[in-house]
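**Student:** The numbering of the sequence shown is our numbering, which starts it at 6 and goes up by one.
Note that the Cβ used here is the ideal one computed from N, Cα and C, for glycine as well.
None of the values given here were measured: they were computed from a predicted structure.
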Amino acid sequence: MTEFQAAASKLREADAVLIGASNGLSITEGLHLFAANQAFRDLCGDFQDKYGVSCLLQGMGAQWPEEEVKWAYWSRLVQHYCREYKKKPVMETLQALVGQKDYFIVTSNGECHFEKSGFDPKRIFEVEGTWLELQCARACHNTLYPWEDLAGKMAAAETDGRIPTELVPHCPHCGGPMEVHLAMDSSFLPNTQGEEALKQFLQNWIGKKKVILELGIGPRNQLIKAPLMQLAALDPSITYITINKGQLYIPQELASQAYGFDGLLEPVLQELLQA
Numbered sequence: 006m007t008e009f010q011a012a013a014s015k016l017r018e019a020d021a022v023l024i025g026a027s028n029g030l031s032i033t034e035g036l037h038l039f040a041a042n043q044a045f046r047d048l049c050g051d052f053q054d055k056y057g058v059s060c061l062l063q064g065m066g067a068q069w070p071e072e073e074v075k076w077a078y079w080s081r082l083v084q085h086y087c088r089e090y091k092k093k094p095v096m097e098t099l100q101a102l103v104g105q106k107d108y109f110i111v112t113s114n115g116e117c118h119f120e121k122s123g124f125d126p127k128r129i130f131e132v133e134g135t136w137l138e139l140q141c142a143r144a145c146h147n148t149l150y151p152w153e154d155l156a157g158k159m160a161a162a163e164t165d166g167r168i169p170t171e172l173v174p175h176c177p178h179c180g181g182p183m184e185v186h187l188a189m190d191s192s193f194l195p196n197t198q199g200e201e202a203l204k205q206f207l208q209n210w211i212g213k214k215k216v217i218l219e220l221g222i223g224p225r226n227q228l229i230k231a232p233l234m235q236l237a238a239l240d241p242s243i244t245y246i247t248i249n250k251g252q253l254y255i256p257q258e259l260a261s262q263a264y265g266f267d268g269l270l271e272p273v274l275q276e277l278l279q280a
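(1) Go through its chain and collect everything with a Cβ distance to Trp69's Cβ below 8 angstroms, but skip five positions before and after it.
(2) DSSP beta-bridge partners for His175?
(3) Identify, in the order they occur along the chain, each residue of the same chain with its Cβ nearer than 7 angstroms to the Cβ of Ala40, setting aside the five sequence neighbours on each side.
(4) Looking at the unbroken alpha helix (DSSP H) that takes in Thr197, where does it start and where does it end?
(5) If we call anything under 9 angstroms between Cβ atoms a contact, is Leu30 one with Leu220?
(6) Using CA atoms only, rank isn't needed, just tell me which of Asp267, Ile129 and Pro182 is closest to His146.
(7) In the DSSP assignment, what residue or residues form a beta bridge with Val216?
(8) Bridge partners for Val103 per DSSP, in chain order?
(9) If you run the structure through DSSP and keep just helix, strand and coil, what is Glu153?
(10) Is the segment 123 to 140 touching the segment 96 to 113, taking contact as three or more C-beta pairs under 8 angstroms?
(11) Can you tell me which of the three DSSP states Arg167 falls into?
(12) With DSSP as the reference, please indicate the residues paired to Leu270 in a beta bridge.
(13) For Lys158, collect the residues of the same chain with a Cβ closer than 7 angstroms to its Cβ; drop the 5 residues on either side in sequence, then sort them by chain order.
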């Protein structure tokens, strides 16, 4: 039996799958936060020329000169990567692997592609927030506000890298500025609802045949990979499957219960599905 066949067998027999996902999955879908690539140039070249931002992430954390500029940038990202998103093959394959099993997703990717691909939003914990919700920049209260429709209006009304002043969002409590709900500074409001849903999932999967499936998570990721490895280390019955291109890491204490695949996510998941 090959390693692919053995891992596929564990996935097929599992009652529950805990999926962890990070930047590698986004990159597979064509969303590279850190790359100064042509895709960024095509989408945000005017912001790059005028303000010097060289990648998506730098723009997300930029100190823009005016709110009209900030929301022009953000609404363009949301329009392109969220509102116009179409489910990619990697998501199709992942759904086929999960099938009707109980599952939960822990991800640092905030663009809501899991939800938009048909995964249940109640089974998703976006640990660093989401592109599609706003919060008070001062965190004066803990309510989150969906803004996908507003982002569409902003994107449609944008002219020369600015949106109309009347579309700039303000906090309904203090009247101050709003921010996209992402863990960019100390004002970030933790996703307590997602955290509680994860705790409930972990309580429910006691006694079940369990698989942890890591998608595109680097070895130094302390936010998602470290807790998943710790979880597997505490329960030898858990099968730990990790897929990452170029940076594969399995600690020695997990070697007997782990499978690692160094490669691109889509072909590896396809091979697991076929196996």
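**Tutor:** Looking at the coordinates:
(1) For Trp69, where only same-chain residues beyond five positions count, the Cβ hits under 8 angstroms are Tyr56, Lys75 and Tyr78.
(2) BP columns for His175 point to Pro182.
(3) Correct list, in chain order: Cys60.
(4) Unbroken alpha helix (DSSP H) run through Thr197: Thr197 to Asn209.
(5) Contact: yes.
(6) Just measuring C-alpha positions, the residue of Asp267, Ile129 and Pro182 sitting nearest His146 is Pro182.
(7) Answer is Val22 and Thr244.
(8) The partner list for Val103 (beta bridge, DSSP) is empty, contrary to what the question assumes.
(9) The answer is helix: DSSP assigns Glu153 an H, G or I state.
(10) Inter-segment contact for the segment 123 to 140 and the segment 96 to 113 is present: three or more beta-carbon pairs are separated by less than 8 angstroms.
(11) Correct three-state label for Arg167: strand.
(12) Under the DSSP definition of a beta bridge, Leu270 lacks any partner.
(13) By the criterion of a C-beta distance shorter than 7 angstroms, Lys158 is surrounded in its chain by Leu172, once the five residues flanking it on both sides are discounted.
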